[in-house]
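Asker: The structure under discussion is supplied below as structure tokens; questions concerning it will follow.
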Amino acid sequence: MMPNPHELAIHVDAVSKRFQLGSYSEYSRLTEVATQSATSWLLRKLGRSRASSSVSHSRRGDDRFESDGFWALRDVNFSVKQSEVVGVIGHNGAGKSTLLKILSRIVTPTRGRVGVRGRVGSLLEVGTGFHPELTGRENIFLNGAILGLKRSEIRRRFDEIVAFAEVESFLDTPVKRYSSGMTVRLGFSVAAHLEPDVLIIDEVLSVGDQAFQRKCMGKATELGTQGRTVLVVSHNLAAIANMCSRAVLLDQGLLVADDLPSKVIERYLATMSALDGVVHWAEDQAPRSANVRLRSISIHGTASDTPTPQVDIDAEIGVTVEYEVTTPGTINTVQILLKDESGIHVLTTANAPSMNAASDPSFGSPLEGGVYRTQCRFPPNFLNDTRYFVSVNLGPELGKPTISLDSVLSFLVHDTGAMRKEYLGSWAGPVVRPRLAWSTHGPLPSDSDLSGNT
Amino acid sequence: MSSPASQHEPLRYYGQPDPFGLKQLVEGWRSRELLYSFFLRDLLIRYRQVFIGVLWVLLQPLLSTLIFMGLFFILGAGNAGATFRYAPIILIGMLCWQLVNNSLRDATGSLVNYRHVVTKIYFPRMLLPLSSLLCAVFDLLVGSVLILPLCWGLGVSISWSTLWVAPVAAMGLIVFCFGCILWLSSLNAQYRDVGYALPFALQIGMFVSPVVYDAQRLLPILGHNWIWLYEANPVAANIGLARWAILGEPFPSIAGLITAYAITLILAISGLAWFRYADQWMADRI
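In structure tokens:
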């Protein structure tokens, strides 16, 4: 398994990362910390052996949480050879961003070590360090320098950068007067002219419109073909499949798969989509807030109580969220988001009255303790025959969820042929395929008739 | 072993041991172009939308000198000759104090104010407070231009033979600030209290250092046995040294000077070691 170290570009050696929960990510006060660090030092002295066994202990799967800490990564091992393009996939919160930050040296691993060969370019954001008061020209130099370019290199590529960003006429205008699109273009343009040996990209980069995302991905692929090593995190599975030669899958901080992209993606879809169309949580593992605990989320076809991972295109699709209100008097809202395989956000809906074709009196009113089941039904002949990912948000107020699950479940819409009696070609592409009201009237009275009437 | 240069480079592991934080300096030196970019940024931002621009660098110490001259003139029973002789003494104190005040003030918040950068990309983080220090040094250099014309204008003689010691005093002060900002900026990244406490500390610092008065005035109060303790304050020692070097004022006490430089050195070295340590959790906690 361990390749020749001379060929390695990235070596992640038994990396674990623990984040402290609570105070110190917030503003912390000296007095608190003085007492805290004294007690934690004492505890460490007393219980050193216990602390060091906690990694293997937490490997069982669900106990990433400790009383005051959280293991974002647990004993992750992998290496990347030179000129490989490797994709990292996983649910939100699986540890992808932490891994990238460790590889970019922003964050230090709690255990283990990371080695990189050559110049590292890390793009976790476009336009890092842009200052609104500085002009485009000044920001190009500043941002380039932060990304690790030498001034001479920036000077040499300056015209290219400017042309690529299409901001020639605004070069001496402060960036605060730029449109957001211009700022992003400028930021990306500087980043695209980086020529690192190892490039680390986060999908956060792929903000902006589709064309821009393609540009980003195209650039990454191009770097891969130039013999550079690229590590990319993305939810866009199609992009990972296309541009990567290998993919790794992170799940709850563990590296669970390292294989060809197609195989890893398959595995990812299998873990995430709960093949039987339902996710159940045991009481001690369930996502929860102070007042609400989730029990299950499931997909149903027309008039069926059995969950299913696949629904017919001409059937009604029900998404059911079952949760227990643990504090009587809780106000709860349920929101469902649908995304397609490439991460495109198809729709958002909630049980609020104005978004509701039926009615749901539980919205906005205090609920007694007990188990509730909230269901959303999508009409038949509305979605396309592709895979959709369901994200669920629960909370007292829309837009401020206290429980948020990204792409927790997926289902496949099966084309029964109900909508293609007249057309046998492909439906690939559109994210929805609604049956809409069409009509043709006519022949209409001609123009001359109309003018005659007035 | 054919193509890119990177193939000949070894696999570098992050976080190699660096107990005294000296490798940081090497790393910082390698990134000096970035330091220059940060310095330029800080300088440019300061004078954006400012009408008289860089003139402020000259005006600030000059105006404060004038204010304290006026005060001295009123309190000192209107003796014009003594007031004029006093002007360069205050100016030197003011320039030195501005170096300390501005570098500490700006550097302390430098990491926190750029936490969106600190948490998104790695670079030697020391460069951010250092760039604030560079700005303060820039102010000092520009401001020092005022000393000679002021002395000539007011007919105060300059001791040319010892003038070369003035840069030594400035250097001592810069190293002192360097140590302070390494501690302050990284502590402020976790404990924002530092940022709140600093203005008060600086106010007190200005009065326990001979900025607007000269240390000789304390001699009758403290006596020869205790004046060295007062001058163990690196700011006091270096201001005293600078006044001696430029104007031929009395030389500060040797014991005070030695203690001051020892403190300076300890601050700088411990600051480097601490900053290296703090660097490990900087992005987690900032």
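Heads up: the protein sequence lines correspond to chains U and C, in order. Residue numbers for the first sequence follow the working numbering, beginning at 1 and rising by one. Residue numbers for the second sequence follow the working numbering, beginning at 455 and rising by one. Ideal placement from N, C-alpha and C gives every residue a C-beta, glycine not left out.
Give me whichever residues DSSP pairs with U:A350 in a beta bridge.
Answerer: Within the first sequence, numbered from 1, the residue matching residue 350 of chain U stands at position 350. Beta-bridge pairing links U:A350 to U:Q335.
Asker: Are C:L516 and C:L608 closer than 8 Å when you measure CB to CB?
Answerer: Along the second sequence, read from residue 1 onward, the residue named residue 516 of chain C stands at position 62. Along the second sequence, read from residue 1 onward, the residue named residue 608 of chain C stands at position 154. No. Outside cutoff.
Asker: For U:V107, decide whether its Cβ has a neighbour in chain C, counting only Cβ atoms nearer than 8 Å.
Answerer: On the first sequence, residue 107 of chain U is found 107 positions in, with the first residue counted as 1. Interface residue, yes.
Asker: Go ahead and label C:W618 buried or exposed: buried means 16 or more other beta carbons lie within 10 angstroms of its beta carbon, across all protein chains shown.
Answerer: For the purposes of this step, residue 618 of chain C is taken as residue 164 along the second sequence, with counting starting at 1. Burial call: exposed.
Asker: What in chain U is Cβ-close to C:A737, meaning under 9 Å?
Answerer: For the purposes of this step, residue 737 of chain C is taken as residue 283 along the second sequence, with counting starting at 1. Simply K101, I106, V107, T108.
Asker: Taking a Cβ distance cut-off of 9 Å, strictly less, list which residues of the stretch 554-578 of chain C are near chain U, in chain order.
Answerer: Listed in sequence order: Y568, H570, V571, V572, T573, K574, I575, Y576, F577.
Asker: Alpha carbon to alpha carbon, how far is U:V184 from U:Y178?
Answerer: As a working note, residue 184 of chain U is residue 184 in the first sequence. As a working note, residue 178 of chain U is residue 178 in the first sequence. Looking at the two C-alpha atoms, the distance is approximately 10 Å.
Asker: For my contact list, U:R387 and U:S407 are in at a C-beta cut-off of 8 Å; report their separation, rounded to the angstrom.
Answerer: On the first sequence, position 387 is the one that residue 387 of chain U refers to. On the first sequence, position 407 is the one that residue 407 of chain U refers to. No, U:R387 and U:S407 are not in contact; Cβ-Cβ is about 11 Å, not under 8 Å.
Asker: Taking 8 Å as the cut-off, decide whether the C-beta atoms of U:R373 and U:E316 are in contact.
Answerer: As a first step, residue 373 of chain U is located in the first sequence; it is residue number 373 there, counting from the start. As a first step, residue 316 of chain U is located in the first sequence; it is residue number 316 there, counting from the start. No; because the gap between Cβ atoms is not below 8 Å, this pair is not in contact.
Asker: Within this structure, are the beta carbons of C:T718 and C:G626 separated by less than 8 Å?
Answerer: Numbered from its first residue, the second sequence carries residue 718 of chain C at position 264. Numbered from its first residue, the second sequence carries residue 626 of chain C at position 172. Their beta carbons are under 8 Å apart, which means C:T718 touches C:G626 by this criterion.
Asker: Less than 8 Å between the C-beta atoms of C:L695 and C:P706, yes or no?
Answerer: Numbered from 1 along the second sequence, position 241 holds the residue referred to as residue 695 of chain C. Numbered from 1 along the second sequence, position 252 holds the residue referred to as residue 706 of chain C. Result yes, Cβ atoms of C:L695 and C:P706 sit closer than 8 Å.
Asker: Express the C-alpha separation of U:A145 and C:L494 in angstroms, rounding to a whole number.
Answerer: On the second sequence, residue 494 of chain C is found 40 positions in, with the first residue counted as 1. On the first sequence, residue 145 of chain U is found 145 positions in, with the first residue counted as 1. Using only the alpha carbons, I get a separation of about 12 Å.
Asker: Let's test the definition: count the other Cβ atoms within 10 Å of the Cβ of U:T308 and tell me whether it reaches 16, buried, or not, exposed.
Answerer: Here the question's residue 308 of chain U lines up with position 308 in the first sequence. Buried, because 16 or more other Cβ atoms sit within 10 Å of the Cβ of U:T308.
Asker: Please specify which runs of the beta strand (DSSP E), each continuous and at least 3 residues long, are wholly inside the stretch 360-424 of chain U, giving them in chain order.
Answerer: Taking only runs of at least 3 residues, the beta strand (DSSP E) segments lying wholly in the stretch 360-424 of chain U are 370-378, 387-395, 403-414.
Asker: So, helix, strand or coil for U:R91, using DSSP?
Answerer: Looking up residue 91 of chain U in the first sequence gives position 91. A small fix is needed here, since residue 91 of chain U is His in this sequence, not Arg. In this structure, U:H91 counts as coil in the three-state DSSP scheme.
Asker: Rounding to the nearest angstrom, what Cα-Cα distance links U:W438 and U:G318 in this structure?
Answerer: Position 438 of the first sequence, counted from the start, is the residue given in the question as residue 438 of chain U. Position 318 of the first sequence, counted from the start, is the residue given in the question as residue 318 of chain U. Using only the alpha carbons, I get a separation of about 26 Å.
Asker: Quick check on the burial criterion: 16 or more other C-beta atoms within 10 angstroms. Buried or exposed for U:K219?
Answerer: Along the first sequence, read from residue 1 onward, the residue named residue 219 of chain U stands at position 219. Per the 10 Å Cβ criterion, buried.
Asker: How far does the alpha helix (DSSP H) with C:A690 in it reach, from first residue to last?
Answerer: Sequence index remark: in the second sequence, residue 690 of chain C carries index 236 (1-based). Here the alpha helix (DSSP H) through C:A690 covers 688-701.
Asker: Spell out whether any CB of chain U is found under 8 Å from the CB atom of C:Q478.
Answerer: Translated into the one-based positions of the second sequence, residue 478 of chain C becomes position 24. Chain U contact via Cβ: absent.
Asker: Would you say U:H193 faces chain C, with C-beta separation under 8 Å as the test?
Answerer: Counting from 1 along the first sequence, the entry for residue 193 of chain U is found at position 193. By this cut-off, U:H193 is not an interface position.
Asker: Rounded to whole angstroms, what is the Cα-Cα separation between U:A238 and U:G87?
Answerer: Translated into the one-based positions of the first sequence, residue 238 of chain U becomes position 238. Translated into the one-based positions of the first sequence, residue 87 of chain U becomes position 87. The alpha-carbon atoms of U:A238 and U:G87 are separated by roughly 11 Å.
Asker: For C:L553, which residues of its own chain have a beta-carbon under 8 Å away from its beta-carbon, when the five flanking residues on both sides are left out?
Answerer: As a first step, residue 553 of chain C is located in the second sequence; it is residue number 99 there, counting from the start. The residues are A590, V591, D593, L594, A624, L627, I628, C631.
Asker: Would you be able to state if there are at least three C-beta pairs under 8 Å between the stretch 184-201 of chain U and the stretch 117-129 of chain U?
Answerer: Cβ pair count under 8 Å is three or more, so yes.
Asker: If you count every other CB in all the chains shown that lies within 10 Å of the CB of C:R484, and 16 or more means buried, which is it?
Answerer: Translated into the one-based positions of the second sequence, residue 484 of chain C becomes position 30. The residue is exposed, with fewer than 16 neighbouring Cβ atoms inside 10 Å.
Asker: If I follow the unbroken beta strand (DSSP E) through U:W71, where does it start and stop?
Answerer: On the first sequence, position 71 is the one that residue 71 of chain U refers to. It spans 69-81 - the beta strand (DSSP E) in which U:W71 sits, taken as one unbroken run.
Asker: When the Cα atoms are used, what is the spatial distance from U:E168 to U:L194?
Answerer: If you number the first sequence from 1, residue 168 of chain U lands on position 168. If you number the first sequence from 1, residue 194 of chain U lands on position 194. U:E168 and U:L194: Cα-Cα distance of roughly 20 Å.
Asker: Enumerate, from N- to C-terminal direction, the unbroken alpha helix (DSSP H) stretches of 4 or more residues contained entirely within the stretch 211-296 of chain U.
Answerer: 237-243, 261-273, all fully within the stretch 211-296 of chain U.
Asker: Would U:I313 and U:V413 qualify as a contact pair, given that the criterion is a beta-carbon distance under 8 Å?
Answerer: Position 313 of the first sequence holds residue 313 of chain U. Position 413 of the first sequence holds residue 413 of chain U. Yes, Cβ-Cβ distance for U:I313 and U:V413 is below 8 Å.
Asker: Using the Cβ count rule (16 or more neighbours within 10 Å means buried), how would you classify U:E138?
Answerer: Along the first sequence, one-based indexing puts residue 138 of chain U at 138. By the neighbour-count rule (16 or more Cβ atoms within 10 Å), U:E138 is buried.
Asker: What number of angstroms, rounded off, separates the C-alpha of C:A536 from the C-alpha of C:S639?
Answerer: In the second sequence, the residue the question calls residue 536 of chain C occupies position 82. In the second sequence, the residue the question calls residue 639 of chain C occupies position 185. So the two alpha carbons sit approximately 41 Å from each other.
Asker: Where U:G253 and U:I10 are concerned, what is the direct C-alpha to C-alpha distance, given to the nearest angstrom?
Answerer: Reading the first sequence from its first residue, position 253 is the one you call residue 253 of chain U. Reading the first sequence from its first residue, position 10 is the one you call residue 10 of chain U. About 19 Å.
Asker: Based on Cα-Cα distance, which residue from U:I140, U:P174, U:N384, U:N356 lies nearest to U:A428?
Answerer: The residue labelled residue 428 of chain U in the question sits at position 428 within the first sequence. Selected option, being the one with the closest Cα: U:N384.
Asker: Are the CB atoms of U:S298 and U:W281 within a distance shorter than 8 Å?
Answerer: Position 281 of the first sequence, counted from the start, is the residue given in the question as residue 281 of chain U. Position 298 of the first sequence, counted from the start, is the residue given in the question as residue 298 of chain U. No, they are not a contact pair.
Asker: Thinking U:V120 and U:S104 are a contact (beta carbons under 8 Å), I'd like their distance in whole angstroms, please.
Answerer: Here the question's residue 120 of chain U lines up with position 120 in the first sequence. Here the question's residue 104 of chain U lines up with position 104 in the first sequence. The Cβ separation is near 7 Å, so the contact holds.
Asker: With which residues is U:F19 paired in a DSSP beta bridge?
Answerer: In the first sequence, residue 19 of chain U corresponds to position 19, counting from 1. Paired residue(s): U:F70.
Asker: Tell me whether U:D340 sits in a helix, a strand or coil according to DSSP, three-state version.
Answerer: In the first sequence, counting from the first residue as 1, residue 340 of chain U sits at position 340. U:D340: strand per DSSP, three-state reduction.
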